[in-house]
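Visitor: First to last, the protein sequences are chains A and B. Residue numbering for the first sequence follows our numbering, beginning at 17 and increasing consecutively. Residue numbering for the second sequence follows our numbering, beginning at 137 and increasing consecutively.
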Amino acid sequence: MVMEIRPIMERSRALEAPPPPSSWREGPSSKSLELYSYIVSLFRRKSFARGVHPDTHKSTAGKPIRRLPYAPRISLPLAQHIGKPAVPLVRPGEEVVRGQPIARADGFLSVPLHSPVTGRVEAIRLHPSASGAWVESIIIHAYASSTQEVLWREPRDMDSLGPEEILAAVKDCGMVGLGGAAFPSHVKLSIPPERRIHTLVVNGCECEPYLTCDHRTMIEHPADLMRGIGYAMRAVGARRAIIGVEDNKPDAVAALTPFLPTDGRVSMEMVQTKYPQGAEKMLIKSLLNLEVPAGGLPLDIGVVVNNVGTLTLLGRLLPAGEGLTERVVTVTGPAVKRPGNFWVPLGTPIRHVLQCSGVLDGDPHPELEVVLGGSMMGQAITSLDTPVTKGVTGILVYDRESVMRETVTKVYPCIKCGECVQACPMGLNPALLGMLAAKRDYDSMSVDYHLADCFECGCCTWVCPSGIPLVQQFRAAKGLLRARAA
Amino acid sequence: MATLGGVLAWFLALASRRLQVFEDPRIEAVEDCLPHSNCGACGTAGCRNFAEKVVSGDIVPAKCSVNPPEMNAYIATMLGVAMGEVEKQVARLACAGGHHVAHMRARYEGLKHCRAAATVSGGGKDCAWGCLGLGDCETVCEFGAIHMNGFGLPVVDTALCTACGDCVAVCPKSLFSLQPISHKLWMACKSQAEGDIAEAQCAVACNACGKCVADSPPGLMHMNRNLAVIDYTRNAEATVKSIERCPTGAIVWLENDQTTRGVAAKKIVRITALPLAA
Numbered sequence: 017m018v019m020e021i022r023p024i025m026e027r028s029r030a031l032e033a034p035p036p037p038s039s040w041r042e043g044p045s046s047k048s049l050e051l052y053s054y055i056v057s058l059f060r061r062k063s064f065a066r067g068v069h070p071d072t073h074k075s076t077a078g079k080p081i082r083r084l085p086y087a088p089r090i091s092l093p094l095a096q097h098i099g100k101p102a103v104p105l106v107r108p109g110e111e112v113v114r115g116q117p118i119a120r121a122d123g124f125l126s127v128p129l130h131s132p133v134t135g136r137v138e139a140i141r142l143h144p145s146a147s148g149a150w151v152e153s154i155i156i157h158a159y160a161s162s163t164q165e166v167l168w169r170e171p172r173d174m175d176s177l178g179p180e181e182i183l184a185a186v187k188d189c190g191m192v193g194l195g196g197a198a199f200p201s202h203v204k205l206s207i208p209p210e211r212r213i214h215t216l217v218v219n220g221c222e223c224e225p226y227l228t229c230d231h232r233t234m235i236e237h238p239a240d241l242m243r244g245i246g247y248a249m250r251a252v253g254a255r256r257a258i259i260g261v262e263d264n265k266p267d268a269v270a271a272l273t274p275f276l277p278t279d280g281r282v283s284m285e286m287v288q289t290k291y292p293q294g295a296e297k298m299l300i301k302s303l304l305n306l307e308v309p310a311g312g313l314p315l316d317i318g319v320v321v322n323n324v325g326t327l328t329l330l331g332r333l334l335p336a337g338e339g340l341t342e343r344v345v346t347v348t349g350p351a352v353k354r355p356g357n358f359w360v361p362l363g364t365p366i367r368h369v370l371q372c373s374g375v376l377d378g379d380p381h382p383e384l385e386v387v388l389g390g391s392m393m394g395q396a397i398t399s400l401d402t403p404v405t406k407g408v409t410g411i412l413v414y415d416r417e418s419v420m421r422e423t424v425t426k427v428y429p430c431i432k433c434g435e436c437v438q439a440c441p442m443g444l445n446p447a448l449l450g451m452l453a454a455k456r457d458y459d460s461m462s463v464d465y466h467l468a469d470c471f472e473c474g475c476c477t478w479v480c481p482s483g484i485p486l487v488q489q490f491r492a493a494k495g496l497l498r499a500r501a502a
Numbered sequence: 137m138a139t140l141g142g143v144l145a146w147f148l149a150l151a152s153r154r155l156q157v158f159e160d161p162r163i164e165a166v167e168d169c170l171p172h173s174n175c176g177a178c179g180t181a182g183c184r185n186f187a188e189k190v191v192s193g194d195i196v197p198a199k200c201s202v203n204p205p206e207m208n209a210y211i212a213t214m215l216g217v218a219m220g221e222v223e224k225q226v227a228r229l230a231c232a233g234g235h236h237v238a239h240m241r242a243r244y245e246g247l248k249h250c251r252a253a254a255t256v257s258g259g260g261k262d263c264a265w266g267c268l269g270l271g272d273c274e275t276v277c278e279f280g281a282i283h284m285n286g287f288g289l290p291v292v293d294t295a296l297c298t299a300c301g302d303c304v305a306v307c308p309k310s311l312f313s314l315q316p317i318s319h320k321l322w323m324a325c326k327s328q329a330e331g332d333i334a335e336a337q338c339a340v341a342c343n344a345c346g347k348c349v350a351d352s353p354p355g356l357m358h359m360n361r362n363l364a365v366i367d368y369t370r371n372a373e374a375t376v377k378s379i380e381r382c383p384t385g386a387i388v389w390l391e392n393d394q395t396t397r398g399v400a401a402k403k404i405v406r407i408t409a410l411p412l413a414a
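1) Using the Cα positions of A:Leu575 and B:Arg251, report the straight-line distance between them to the nearest angstrom.
2) What in chain A is Cβ-close to B:Gly216, meaning under 8 Å?
3) What ranges does the alpha helix (DSSP H) occupy inside the region 329-409 of chain A, keeping only unbroken runs of at least 4 residues that lie completely in it?
4) Are A:Ile154 and A:Pro104 closer than 8 Å when you measure CB to CB?
5) Which residue's Cα is closest to the Cα of A:Ile259: A:Val324, A:Leu330, A:Leu227, A:Arg416?
6) List, in chain order, every chain B residue whose beta-carbon is nearer than 7 Å to that of A:Ile142.
7) Given a cut-off of 8 Å, decide if A:Ile81 and A:Val133 are closer than it, judged by their beta-carbon atoms.
8) Examine chain A for any beta-carbon lying closer than 8 Å to the beta-carbon of B:Leu363, and answer yes or no.
9) Using a Cβ-Cβ cutoff of 8 Å, what residues of the region 377-395 of chain B are near chain A? List them in chain order.
10) According to the neighbour-count rule (16 or more other Cβ atoms, all chains shown, within 10 Å of its Cβ), is A:Glu473 buried or exposed?
11) How would you list, in chain order, the residues of chain B whose beta-carbon sits under 7 Å from the beta-carbon of A:Ser399?
12) Taking only beta-carbon atoms, is B:Ala305 less than 8 Å away from chain A?
13) Note down, one range per segment and in chain order, each alpha helix (DSSP H) of at least 4 residues found wholly within the region 269-310 of chain B.
14) Out of curiosity, what's the CA-to-CA distance linking B:Ile195 and A:Arg498?
15) Of the choices A:Glu422, A:Glu338, A:Val369, whose alpha-carbon is the least far from that of A:Lys353?
16) Please list the partners that B:Ala252 has in chain A, where partner means a Cβ-to-Cβ separation under 8 Å.
17) Mapping the DSSP letters down to three states, classify A:Leu129 as helix, strand or coil.
18) For B:Ala218, is the classification buried or exposed, using 16 other Cβ atoms within 10 angstroms of its Cβ as the cut-off for buried?
19) Taking A:Gly474 as the query, report the chain B residues whose CB atoms sit under 9 Å from its CB, ordered along the chain.
20) Contact criterion: CB-CB distance below 8 Å. Does A:Ser460 meet it with respect to chain B?
21) Only counting the same chain, and skipping five residues up and downstream in sequence, which positions put a Cβ closer than 7 Å to that of A:Lys301?
22) Quick check: does the Cβ of A:Ser391 come within less than 7 Å of any heavy atom belonging to the ligand COA?
23) Kindly list, in the order they appear in chain A, the residues whose Cβ is closer than 7 Å to that of B:Pro308.
24) Could you give the distance in angstroms between the alpha-carbon of A:Pro314 and the alpha-carbon of B:Met359?
25) State yes or no: is the beta carbon of B:Val196 nearer than 8 Å to at least one beta carbon in chain A?
26) Using 8 Å as the limit for Cβ to Cβ distance, is B:Ser313 near chain A?
27) Would you list the residues sitting across from B:Ser313 in a DSSP beta bridge?
28) Does the beta carbon of A:Thr423 come closer than 8 Å to any beta carbon on chain B?
29) Which of the three DSSP states, helix, strand or coil, is assigned to A:Trp40?
30) In chain B, what lies closer than 9 Å to A:Arg500 by C-beta?
31) Would you call B:Phe186 buried or exposed, if buried means 16 or more other Cβ atoms sit within 10 Å of its Cβ?
32) Please name the residue or residues paired with A:Gly220 in a DSSP beta bridge.
33) Should A:Ala8 be flagged as near chain B, meaning a C-beta pair shorter than 8 Å?
34) Whether or not the region 364-382 of chain A and the region 399-415 of chain A are in contact is what I'm after, with contact meaning three or more pairs of Cβ atoms, one per stretch, closer than 8 Å; do they touch?
35) For A:Ala158, which residues of its own chain have a beta-carbon under 8 Å away from its beta-carbon, when the five flanking residues on both sides are left out?
36) Along chain B, in chain order, which residues have C-beta atoms closer than 9 Å to that of A:Ala146?
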């Protein structure tokens, strides 16, 4: 019953929203047909089963992306991606210029690093990271005279490159999935010869509450995005691409529509505003009605999913032959006085970002909760010296009052209401997994109840009326199983 | 019906004769003498597996560290084999940073498990390598050999510890390791931070001054990643002299359940928890 009530609420919200622009769907553009297709779209919205509807808090959606000044000292972890850490190419004392490669990839599952500033390498030493562990990082002292101009580049003629060369170029620019996973993009775009890719799915959902970096990127850099989509399609050999955008972003759709190629190979679809619409398996289900097999990858069913942020920067960096030195980060939350979207140089300490956005005005040591990412999947950090890395989508800052308001102080026993089962987009049974976790029966969790399929979206914890921190239990269980397997 | 019963009974009798697998009755006898804790400390899959290996001669009875020595001796005489000699091992914690000496950097709210806390940016301890003190090891120890002391640090009762290795596996910071009881020189710190940073985070951290290395017989100790490392293959050369000049007391001498810090180590008088680090 609950599942029926929610879409109706959603519909009423959608009716209040401004109607999508006339150009969002092809065909005859008579007013009545437009209205008809709009009404039909309300009842046949593309979506997946289950999921949740948290408040979106997208107050920064209207704020243009601005640049952040350089921090006096930046620290670049050698492992900002999933895979083997990069190998430094510079030594302490050396001078580097903005854009210069400072670390090379170590093997296939690794990417190089480029200096985001002009300055001097101070040291290569351990530095706090978002995971809490101290990791090997290149510390660069930024010259006060360092400008935003990229001083190191190797422009290339993209039209003459074959798929292999495009992949090499993607690797050289140090690109990783900018949606938060930080998985090396050249690995994701490398398709084994026995597989064929029919569709490139471009993920413009940004379903996480608070985050608006992808939304702004779509509005402000549509030409770069289209170019990036073209490169990715050539790299994977896809014949078509579909941009999936949640239907609460009609302005992004309006901004992208004029830039869609005329040959019709790239199309755009609106999907229902629902969390976690932007998870790749959910988006594939919504757009193509295909399911990724358990434990499998999208490429098993001929699909590759890439984030709009990743493709936009590929479209900009590949022709220019530059490396990834900065990314768009949403800085928002109840404690932020001047929220917004920023181009943040990689390696900038979170403390510097907070200073620039007015969090630390007045009291330099306020009690804060700082979360990297959105409010559903984001990770709290324990040190403001943690740098912004390639996988950081947003910085969310709560002050003491908002933390106290939202912290679950008492955890009640599971009443087996099944809310979490109705919320889990992967169709797992979080309640049962949670009880097994409490009994420390981790083997049963992974073997019998598919713990590995949980991608920690947080829906189960969000709906739990007893306030059980289910996702944290699953993360801990996964950590233990990984440690045991190693 | 009776005929059918008879035929099936005959079939079953035949099957039991034909398909019979001979099993050494001694395996059963040995298994009865074992503790049935299936802890895995001996390196086998469990007590049954251990019994099979003892009977086949692949392992010596003394390998069972849970059984009292008399019981292992009984197994040895029963089978007519040598009891073997295995040095007792215990779990050792490579951290001495209780909340009275080690700073916290952030307040952690959530499940009171170390593993769960470690998923939230390492758990909020200033020292990224240090013990979180939420007691996963105490919970997991089946033998009651670990209890948390007043400073939030686990203390191992060497008499009860059977070296099953459960605490080694559960610790998210990998602070526990199994050590033969003869390893008396012990580095109770894992912080790889540079000396001054490490000491600011925790009063009993190794600050990589290298005095212990200089005072040790050549080759026994060396510095690696801001930490003094002991080469236990040369354990026989280790003396209490190595700890004497340690300024923080990170390197200790463990004997008869007594932990001795060097005379030069700064005295720790604080007993209450430190405030959050700025």
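The C-beta atom is built at its ideal place from N, Cα and C for all residues, glycine as well. Just so we're clear, the structure is a prediction, and the values are computed from it rather than from any experiment.
Guide: Quick answer:
1) Summary: the structure shown does not reach residue 575 of chain A, with chain A confined to residues 17 through 502, and so no result is reported for it.
2) Sequence index remark: in the second sequence, residue 216 of chain B carries index 80 (1-based). Near B:Gly216 there are no residues of chain A at all, since even the closest Cβ is about 38 Å away, more than 8 Å.
3) Correct list: 366-372.
4) On the first sequence, position 138 is the one that residue 154 of chain A refers to. On the first sequence, position 88 is the one that residue 104 of chain A refers to. A contact, by the Cβ cut-off of 8 Å.
5) In the first sequence, residue 259 of chain A corresponds to position 243, counting from 1. For A:Ile259, the closest of A:Val324, A:Leu330, A:Leu227, A:Arg416 by C-alpha to C-alpha distance is A:Val324.
6) Within the first sequence, the letter at position 126 stands for residue 142 of chain A. For the record, residue 142 of chain A in the displayed sequence is Leu; it is not Ile. Neighbours of A:Leu142 on chain B, chain order: Gln328, Ala329.
7) Walking along the first sequence from the start, residue 133 of chain A turns up at place 117. Walking along the first sequence from the start, residue 81 of chain A turns up at place 65. Going by C-beta atoms, A:Val133 is not nearer than 8 Å to A:Ile81.
8) Here residue 363 of chain B corresponds to residue number 227 of the second sequence, with the count starting at 1. By this cut-off, B:Leu363 is not an interface position.
9) none
10) Taking the first residue of the first sequence as position 1, residue 473 of chain A is located at position 457. Note that residue 473 of chain A is Cys in the sequence shown here, rather than Glu. Buried, since its Cβ has 16 or more Cβ neighbours within 10 Å.
11) Numbered from 1 along the first sequence, position 383 holds the residue referred to as residue 399 of chain A. Residues of chain B passing the Cβ test: Arg241.
12) Mapped onto the second sequence, residue 305 of chain B falls at position 169. So, interface residue.
13) 272-276, 302-306
14) In the second sequence, counting from the first residue as 1, residue 195 of chain B sits at position 59. In the first sequence, counting from the first residue as 1, residue 498 of chain A sits at position 482. Distance between the alpha carbons of B:Ile195 and A:Arg498 is about 30 Å.
15) Looking up residue 353 of chain A in the first sequence gives position 337. Minimum Cα distance to A:Lys353 is reached at A:Val369.
16) Along the second sequence, read from residue 1 onward, the residue named residue 252 of chain B stands at position 116. Under the 8 Å cutoff, chain A gives Pro485, Gln488, Gln489, Arg491, Ala492.
17) The residue given as residue 129 of chain A occupies position 113 in the first sequence. Strand, per DSSP.
18) By 1-based counting over the second sequence, the position of residue 218 of chain B is 82. That one is exposed.
19) Along the first sequence, read from residue 1 onward, the residue named residue 474 of chain A stands at position 458. Those within 9 Å of A:Gly474 in chain B number zero; the least Cβ separation is about 13 Å.
20) As a position in the first sequence, residue 460 of chain A is number 444, starting the count at 1. Cβ-Cβ to chain B under 8 Å: no for A:Ser460.
21) Counting from 1 along the first sequence, the entry for residue 301 of chain A is found at position 285. Cβ neighbours of A:Lys301 beyond the five flanking positions: Phe64, Glu307.
22) As far as ligands go, the structure on display features none, and thus does not contain the ligand COA.
23) Reading the second sequence from its first residue, position 172 is the one you call residue 308 of chain B. Ordered by position in chain A, the residues that pass the 7 Å Cβ test against B:Pro308 are Gly495.
24) Mapped onto the first sequence, residue 314 of chain A falls at position 298. Mapped onto the second sequence, residue 359 of chain B falls at position 223. Taking the straight line from one Cα to the other gives about 47 Å.
25) In the second sequence, the residue the question calls residue 196 of chain B occupies position 60. B:Val196 does not count as touching chain A.
26) Translated into positions along the second sequence, residue 313 of chain B becomes position 177. Output row for B:Ser313: interface = no.
27) Here residue 313 of chain B is taken as the residue at index 177 of the second sequence, counted from 1. Answer is B:Arg228.
28) Against the first sequence, residue 423 of chain A aligns to sequence position 407. Chain B, which has a Cβ nearer than 8 Å to the Cβ of A:Thr423, makes this yes.
29) Working through the first sequence from its first residue, we reach residue 40 of chain A at position 24. Note that A:Trp40 scores a pLDDT of 42, beneath 50, so its modelled location is shaky; the value from the coordinates is reported in the next line. The answer is helix: DSSP assigns A:Trp40 an H, G or I state.
30) Locating residue 500 of chain A in the first sequence gives position 484, counting from the first residue. Per Cβ cutoff of 9 Å: Ala305.
31) The residue given as residue 186 of chain B occupies position 50 in the second sequence. B:Phe186 comes out buried.
32) The count along the first sequence starts at 1 and reaches residue 220 of chain A at position 204. In DSSP, A:Gly220 forms a bridge with A:Val261.
33) What is shown of chain A runs 17 to 502, which leaves residue 8 of chain A out entirely.
34) yes
35) To locate residue 158 of chain A, count along the first sequence from 1; it is residue 142. Excluding positions up to five away in sequence, the list reads Tyr86, Ala87, Pro88, Arg89, Ile90, Val133, Thr134, Gly135.
36) As a working mapping, residue 146 of chain A is identified with position 130 in the first sequence. Under the 9 Å cutoff, chain B gives Ser257.
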